[in-house]
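K.L.:
Residue numbers (full-length UniProt numbering): 1 to 275.
1. Leaving out five residues on either side along the sequence, give the residues of the same chain with a beta carbon under 6 Å from the beta carbon of residue 103.
2. If you drop the 5 nearest sequence neighbours on each side, which residues of the same chain put their C-beta closer than 8 Å to that of residue 213?
3. What does DSSP give as the partner residue(s) for residue 244 in the beta ladder?
4. Of the residues 51, 55, 92, 131, which one's Cα is nearest the Cα of residue 20?
5. Quick one: using the 10 Å Cβ neighbour count with 16 as the cut-off for buried, is residue 275 buried or exposed?
6. Quick one: residues in its chain with C-beta nearer than 8 Å to the C-beta of residue 251, no 5 flanking neighbours on either side, listed in chain order?
7. If you reduce the DSSP assignment to three classes, tell me which class residue 90 lands in.
8. Taking DSSP as the reference, what is the three-state secondary structure of residue 77?
9. As a quick exercise: from 129, 202, 185, 186, pick the residue whose alpha carbon is nearest that of residue 179.
10. If residue 143 sits next to residue 117, beta carbons under 8 Å apart, how far is it from one beta carbon to the other, in whole angstroms?
11. Applying the criterion that 16 or more other CB atoms from any shown protein chain within 10 Å of the CB defines a buried residue, is residue 149 buried or exposed?
12. Quick check on the DSSP output: what are the complete alpha helix (DSSP H) runs of length 4 or more inside the UniProt domain "tRNA/rRNA methyltransferase SpoU type" (126-265), in order along the chain?
13. Residues in the same chain with beta-carbon distance under 6 Å from residue 108, minus the five sequence neighbours each way, listed in chain order, please.
14. For residue 221, is the classification buried or exposed, using 16 other Cβ atoms within 10 angstroms of its Cβ as the cut-off for buried?
15. Looking at the secondary structure, which residues open and close the beta strand (DSSP E) in which residue 84 lies?
16. Over what stretch of residues does the alpha helix (DSSP H) that includes residue 118 continue unbroken?
17. So for residue 67, helix, strand or coil by DSSP?
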């Protein structure tokens, strides 16, 4: 049986300064505020506890969730403040009904250097490179799929939304806290670095010239995906190899996260290569 090591701090007033970071989280997300973000739910908190890229600063729990969270809390340091309140107070703090009753404030470590991160990848590395993914659900799903198919790195250009937005983390089921990622500026510069580092760059598009099923799976691969609707710019696809997923001619295209999952399975998931 797990013993809760952290002292439990009762919160009876939604205006208490100790819970200021949790206040009105739907309207006032913490992305971009000194590297802080909100993690929500039991599974996500466990991922945060095990992450080497992020640390928890404080935790807020519904009082009826404390006992059931003992095993998760045991994975956090004993000096992490754990605050406890009833449902009315938590709903007032968050600004909407918090049925999960499990929140944490996390802090991101210093971002890794993009070139160094790429250079240190293994010879059979799989990178997921994202251009202008602006939908938080899609970005969270892309991270979840990257984790499922053991992608070694996710590269985000400057037009992508932040994976540490609360909804992105939740949709990723915490994978945004465990899959290594880097953020850059221009996608063209990112492609240059990947190309110079020995990666075969494959732009995924319904108009791709080669079926993903016909791609050799050995060696370094970077799968390039673009935003919903517009897809990847033609200028990018002209610079790289382009691949497609065979599908019905009666339908336009797959969701970007679904398409990326299928493509990553084909590049790394066949046989015993996952894991």
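From the three backbone atoms N, C-alpha and C, an ideal C-beta is built for every residue, glycine too.
P.N.:
The structure says:
1. 22, 40, 60
2. 246, 266
3. 211
4. 92
5. The pLDDT assigned to residue 275 is 49, lower than 50, so where the model puts this residue is not dependable; a value taken from the coordinates is nonetheless given after this. Exposed, by the Cβ-count rule.
6. none
7. helix
8. coil
9. 129
10. Not confirmed; about 16 Å, so no contact.
11. buried
12. 136-148, 166-171, 187-196, 234-239, 256-264
13. 35, 54
14. buried
15. 82-85
16. 114-119
17. helix
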